[in-house]
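Peer 1:
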Amino acid sequence: MASDPTHHSRRVRRLRQVMFVSALALLALILLWSSFGSGAWFGARVTSGPAQAEMIDAVMRGKNQQGKPYVLRAQVLRQRLETTSIYDMQAPDIELGTRRAKDRIQAQAQSGVYDQQTGNIVLSGEVELRQTGDRIIRAPEVDFNMQSGDFIVQGPLQMRSPARLISADLLTSTANNKTHEFTNGVITLFAKGQK
Amino acid sequence: MRGLAILLFSLFFATPATAQSPTRFATSPDAPIVVSGQTIILQELKNRALLNGNAKLLQGDLSMTATTMTIIFNPKQGDQAQDVFASNGVSVVDVKGQISHADEAHYNVAAETLELTGNVRVENHNPDAQLGTAQGQRLMINMRDGTSQIYSNAGSGRARIQLKP
Chain A
0 MASDPTHHSR RVRRLRQVMF VSALALLALI LLWSSFGSGA WFGARVTSGP
50 AQAEMIDAVM RGKNQQGKPY VLRAQVLRQR LETTSIYDMQ APDIELGTRR
100 AKDRIQAQAQ SGVYDQQTGN IVLSGEVELR QTGDRIIRAP EVDFNMQSGD
150 FIVQGPLQMR SPARLISADL LTSTANNKTH EFTNGVITLF AKGQK
Chain B
0 MRGLAILLFS LFFATPATAQ SPTRFATSPD APIVVSGQTI ILQELKNRAL
50 LNGNAKLLQG DLSMTATTMT IIFNPKQGDQ AQDVFASNGV SVVDVKGQIS
100 HADEAHYNVA AETLELTGNV RVENHNPDAQ LGTAQGQRLM INMRDGTSQI
150 YSNAGSGRAR IQLKP
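Order-wise, the sequence lines are chains A and B.
Residue 181 in numbering that gives the first Met the number 0 is what sits at position 182 of the first sequence, and the numbering runs on without skipping anything.
Residue 86 in numbering that gives the first Met the number 0 is what sits at position 87 of the second sequence, and the numbering runs on without skipping anything.
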């Protein structure tokens, strides 16, 4: 039984149309992703407007200068189109170092500004920074560098660990030599069993 | 002085001389230790914290001030404070009005002893207290019960205590 040549060509035409639209969509997606700096950002939904590009549930994975893996997450990520390396983040969540690493850092905040060129993130609003060894730093603002792991904490801040609580106006922390310098600091040393 | 006779003991012992202080320091060994300073440098790799500028240690009824302090932590015991060293203009004050001055101090937290060394002078500003002043080269305070001993240095062979009869 011979096939209907008209029916076949309609199906092919429809297939061609679908393929054309798909190719256009894919191209648009690639172009949009490439506008996000190095293209390392991935998100659940991407929209682009005249002044900024926005990504929902954005994730970026990479390695810093010291070879430590990092993951940056943000509920909402907006790229400033006038300065393409700078991103505004809502509910940022940072992980630097592997789960087993002794110097792993995790940080969460209400908002943040990330400069991809310098690797600097300014975290603001109820910032919580956790370090290995059950150490938690709480402060209104933390200036964190993803490349070096160094951070500056603007007070009033608290650094709490099982053995001590440190309150201060300012903290400058250097990852390389694991040194923390507090300005106007008060340390409460807990004896065993005290909290 | 009115109503106040001063009895001076010069206590000679085999070297070095020791005098049991006739008064107790007010101590609170179970209270948390709170230390403060203009700058605190926490050096994790060296398990220590350096306090510079108006360094102060407070533990319940007793406080100590100095220009600089160093806290040594014990990583084997969960970073508990092990020793506190103070230097440059050390003063120890308790709520009973006793003020002790020295060049240096060492608070051994685990052993519960506070040792003051170098030009030690204890002044009592409490009118009801028996002790007036005490001088020596070393003062050892038992932080558990507040008792203390003052020592001379080996060369001079004497420690001095002034009592208010």
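Every residue, glycine too, gets a C-beta built ideally from N, C-alpha and C.
Compare the C-beta of glycine 77 (chain B) with all C-beta atoms of chain A and state if any pair is closer than 8 Å.
Peer 2: yes
Peer 1: Return the chain-ordered ranges of every beta strand (DSSP E) run that is complete within the stretch 61-100 of chain B and spans a minimum of 3 residues.
Peer 2: 61-73 and 79-93
Peer 1: Three or more C-beta pairs closer than 8 Å, one from the stretch 42-49 of chain B and one from the stretch 112-128 of chain B: is that the case here?
Peer 2: no
Peer 1: Quick one, which residues of the stretch 32-45 of chain B are near chain A if we go by CB-CB under 7 Å, in chain order?
Peer 2: Ile32, Val33, Val34, Ser35, Gly36, Gln37, Thr38, Ile39, Ile40, Leu41, Gln42, Glu43 and Leu44
Peer 1: I need the straight-line Cα distance from proline 139 (chain A) to methionine 68 (chain B), nearest angstrom please.
Peer 2: 29 Å
Peer 1: If you count every other CB in all the chains shown that lies within 10 Å of the CB of leucine 25 (chain A), and 16 or more means buried, which is it?
Peer 2: Counting other Cβ atoms within 10 Å of its Cβ, leucine 25 (chain A) stays below 16 and is therefore classed as exposed.
Peer 1: Measuring only between beta-carbons, confirm whether alanine 65 (chain B) sits less than 8 Å from chain A.
Peer 2: Taking 8 Å as the threshold, the shortest C-beta distance from alanine 65 (chain B) to chain A does not fall below it.
Peer 1: Please tell me whether, using a cut-off of 7 Å, the distance from the CB of threonine 83 (chain A) to the nearest non-hydrogen atom of the ligand ZN is below it.
Peer 2: Because no ligand of any kind appears in the structure shown, any question about the ligand ZN cannot be addressed here.
Peer 1: To which residues of the same chain is serine 33 (chain A) closer than 8 Å at the C-beta, ignoring the five residues directly before and after it?
Peer 2: Note on serine 33 (chain A): pLDDT 46, under 50, position unreliable in the model; no value is reported.
Peer 1: Kindly list the residues whose CB is nearer than 8 Å to the CB of serine 37 (chain A), restricted to its own chain and excluding five residues on each side of it in sequence; keep chain order.
Peer 2: Unreliable placement is indicated for serine 37 (chain A), whose pLDDT of 44 sits below 50; no coordinate value is reported for it.
Peer 1: Per DSSP, leucine 164 (chain A) is paired with what?
Peer 2: A:Arg159 and A:Thr187
Peer 1: Who are the neighbours of aspartate 82 (chain B) on chain A, taking C-beta pairs under 8 Å?
Peer 2: The contacting residues do not exist; aspartate 82 (chain B) stays about 11 Å from chain A at best.
Peer 1: When we look at the beta-carbon of serine 172 (chain A) and count the other beta-carbons within 10 Å, is it buried (16 or more) or exposed?
Peer 2: Under the 10 Å beta carbon count, serine 172 (chain A) is surrounded by 16 or more other beta carbons and is classified as buried.
Peer 1: So that I know if they touch, is there some Cβ in chain D lying closer than 8 Å to that of aspartate 60 (chain B)?
Peer 2: Judged by its chain identifiers, the structure shown contains no chain D, and its protein chains are A and B.
Peer 1: Is arginine 163 (chain A) close to chain B, meaning its C-beta is less than 8 Å from at least one C-beta of that chain?
Peer 2: So yes, arginine 163 (chain A) belongs to the interface.
Peer 1: Going by C-alpha to C-alpha distance, which of A:Thr46, A:Leu95, A:Gly184 and A:Gln64 sits closest to alanine 57 (chain A)?
Peer 2: A:Thr46
Peer 1: Helix or strand or just coil, what does DSSP make of arginine 10 (chain A)?
Peer 2: Looking at arginine 10 (chain A) - three-state DSSP - the assignment turns out to be helix.
Peer 1: State buried or exposed for valine 11 (chain A), treating a residue as buried only when at least 16 other CB atoms are found within 10 Å of its CB.
Peer 2: exposed
Peer 1: Compile a chain-ordered list of the residues in the stretch 174-193 of chain A whose CB is closer than 8 Å to at least one CB of chain B.
Peer 2: Asn176, Lys177, Thr178, His179, Glu180, Phe181, Thr182, Asn183, Gly184, Val185, Ile186, Thr187, Leu188, Phe189, Ala190, Lys191 and Gln193
Peer 1: Does DSSP classify glutamine 16 (chain A) as helix, strand or coil?
Peer 2: helix
Peer 1: With a threshold of 8 Å between beta-carbons, can aspartate 144 (chain B) be considered close to chain A, or not?
Peer 2: no
Peer 1: For the stretch 155-173 of chain A against the stretch 80-92 of chain A, are there 3 or more C-beta pairs whose distance is under 8 Å?
Peer 2: no
Peer 1: Keeping to the same chain, check which residues put their C-beta closer than 6 Å to that of arginine 137 (chain B); ignore five residues upstream and five downstream.
Peer 2: Thr116 and Tyr150
Peer 1: What distance in whole Å lies between the Cβ atoms of valine 121 (chain A) and aspartate 142 (chain A), which are believed to be in contact at a cut-off of 8 Å?
Peer 2: The C-beta distance from aspartate 142 (chain A) to valine 121 (chain A) rounds to 5 Å, short enough to meet the 8 Å contact threshold.
Peer 1: Would aspartate 78 (chain B) pass as a contact of serine 160 (chain A) if the rule is Cβ separation under 8 Å?
Peer 2: yes
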